[in-house]
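Q: Structure in structure tokens, see below.
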Amino acid sequence: MPSIARPSLLVAVSLFGVLPVAMAQRAPDARSALANRAVFLDQDAVVRWTDNRQEVTLFGANYVVHTASDYRAAGYVRADRKAMIDEDMAQFARMGWDGLRLTFWGDWEASDTAGNLLANDHLDLLDYLIARARERGIYMLFSPIQLYGSNWPDALQDTTAPGFGRRYDRSRMGTDPAAIAAQVNYLRQILTHVNPYTGVALKDEPAILFIELVNEPVHHPDDPEGSIRYINALTDAVRSTGCRKLVFYNVSQDFRIGEAIRRSKAQGVTFGWYPTGLNSGHELVGNYLRSVDGYPDMLRPELARMPRIVYEFDSPDLRTGTMYPAMARTMRAVGTQFAAMFAYDMLGTASRNLGWQTHYLNLVYTPRKAMSAIIAAEAMRRLPRQGWYGNYPDNTRFGDFHVSHDGDLAELVAKDAFLYAGSTSALPPDPTALRRIAGYGSSPAIRYQGEGIYFMDRVR
């Protein structure tokens, strides 16, 4: 357990409860209510909560135990996948995360070649995950068509996937009428599917705020009219079910498609960000903070009137504590309202990094990086949309946040919260007002020689 240093900083220590990672269930600022708030798109293309008209800002991760390689990884360790969902959603809540990208290889694993929905274990786990996420106050971006093979990387010889994703090459999905018809059929069926754990059809699920029509499509910017027809066909499929959720379409696979998206029925754009590349095959070292100063493509004028979501991001092959808050700073600077790291490692497999090896994030097994993700979630909430803080090294302080490569440190030093990934000498501005302390390393408030994250929450 951490020891408390200089208890005068904490006012009365009895006001706080020390919550070890294994026992922690929910961050104190996480909403205790179910995820059932509605949103709307205002005249300035900002997504807002209907009940109070405040801007929506959500942060979390992709989570995929129900499908593809993570589903198989859970099988390799003979884990109970529903129990894994329970414990991992508890970790999301403990970290103060309120966003999840609901990634689903249904086009490969839960459909036939005509796009008819198949009831199987993948669909059942998807339903279970939705129910558990809603209970934890976690809102979702639903991405039901992945295009890439579900058998990568460990089952490339497996040819048993029944879905239309196997039948049609990814490059044909936006141009082949039969492939488009299968996608339309599938979207209609999965959105009208009633979740047995909630009794609610996915089209009406309150915790699903956004629909991403298709993951990383092959864009055809030289055929804008054909591209618009494709986007509109998928959007019409969603709307034909009575679904009124905000519809998003990927722009970052080829930013030249931006004008076609603007002219389509899609309401917003999704983009991904991997500033350190992918699949280096080894852990990277060095200072990459300069690489996340900006994201100029998201400031293109054709995208100006569209809300934006980061459907995937990471600093692959790094375990630093600095990158996530710095990336959140820049994502907010370009107007991002929802950001999902790819992809969270389930607790049951994280000791072996059986997920996507270039991505490695878990509250228990990568504590410094996880603590930085906790801080990044706060950056999404606290930093103003389209704020600018300059270029490195001038932007290492932004609002109440600070990152330092030399100390491998990220921190939030605010009136109500003191969070740090790495040891710090910073002092909270008003110790009597603190409601939350969490850290990896030591600080003037907490001395800790262990290698995990500790949480102290004001309980009264």
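Taken in order, the sequence shown gives residues 718 to 1177; the numbers are from the numbering used here.
Built from N, CA and C at the ideal position, the CB exists for glycine as well.
Ignore the nearest five residues each way along the sequence and tell me which others in F972's own chain have a CB closer than 6 Å to its CB.
A: Counting only Cβ-Cβ distances below 6 Å, and skipping sequence neighbours, we find D1014.
Q: Write down every uninterrupted run of the beta strand (DSSP E) in the stretch 936-969 whose length is 3 residues or greater and which is fully enclosed by it, in chain order.
A: Runs of the beta strand (DSSP E) inside the stretch 936-969: 963-967.
Q: Check each candidate in T993, G1011, N1079, L819 and name the one with the smallest Cα separation from G1104.
A: It is G1011.
Q: Would you kindly work out how many angstroms separate the C-alpha atoms of V934 and R980, rounded to a whole number?
A: At residue 934 the sequence reads Pro, which differs from the Val that was named. P934 and R980: Cα-Cα distance of roughly 17 Å.
Q: Shortest alpha-carbon distance to G994 belongs to which of G1167, T1075, R853, V1120?
A: Checked all of G1167, T1075, R853, V1120; the closest Cα to G994 is T1075.
Q: Which same chain residues end up closer than 6 Å to L926 when comparing Cβ atoms and leaving out the 5 residues on each side of it in sequence?
A: So the qualifying residues of the chain are V756, Y856.
Q: Hey, which unbroken runs of the beta strand (DSSP E) at 3 residues or more fall wholly within the stretch 776-842?
A: Those beta strand (DSSP E) runs which fall completely within the stretch 776-842 and span 3+ residues are 816-820.
Q: For a cutoff of 9 Å on Cβ pairs, would you count K982 as touching chain C?
A: Note that chain C does not occur in the displayed structure, where there is just one protein chain.
Q: Which residues does DSSP list as the beta-bridge partners of M857?
A: Answer is L817, I925.
Q: Starting from Y1137, follow its DSSP beta bridges and name the residues at the other end.
A: Looking at the DSSP assignment, Y1137 forms a beta bridge with E1128, G1156.
Q: By how many angstroms is the C-alpha of A1162 removed from the C-alpha of R723?
A: With a pLDDT of 43 at R723, under the threshold of 50, the modelled position of this residue cannot be trusted; read the value that follows with caution. Going from the Cα of R723 to the Cα of A1162 covers about 6 Å.
Q: Candidates G989, D1117, R1017, T1113: which alpha carbon is nearest F1055's?
A: The option with the nearest alpha carbon to F1055 is G989.
Q: Terminal residues of the continuous beta strand (DSSP E) containing E1029?
A: Start and end: 1025-1030.
Q: Rounded to the nearest angstrom, how far is the Cβ of V782 from that of M1063, given a contact under 8 Å?
A: Right, their Cβ atoms sit about 5 Å apart.
Q: Can you give me the C-alpha to C-alpha distance between H937 and Y885, rounded to a whole angstrom?
A: In a straight line, the C-alpha of H937 is about 17 Å away from that of Y885.
Q: Which residues in the same chain have their Cβ closer than 7 Å to the Cβ of E826, if we skip the five residues on either side of it in sequence?
A: So the qualifying residues of the chain are T784, H839, S867, A878, G880.
Q: Give a yes or no on whether the C-beta atoms belonging to T952 and K920 are separated by under 9 Å.
A: No, these two residues do not count as a Cβ contact at 9 Å.
Q: How about P1146 and V1130: do their beta carbons lie closer than 9 Å?
A: Yes, they are a contact pair.
Q: Are the stretch 949-968 and the stretch 902-916 touching, with three or more C-beta to C-beta distances below 8 Å?
A: Verdict: yes, contact present.
Q: DSSP puts W990 in a beta bridge; with which residues?
A: Note: W990 sits in a beta bridge opposite F1030.
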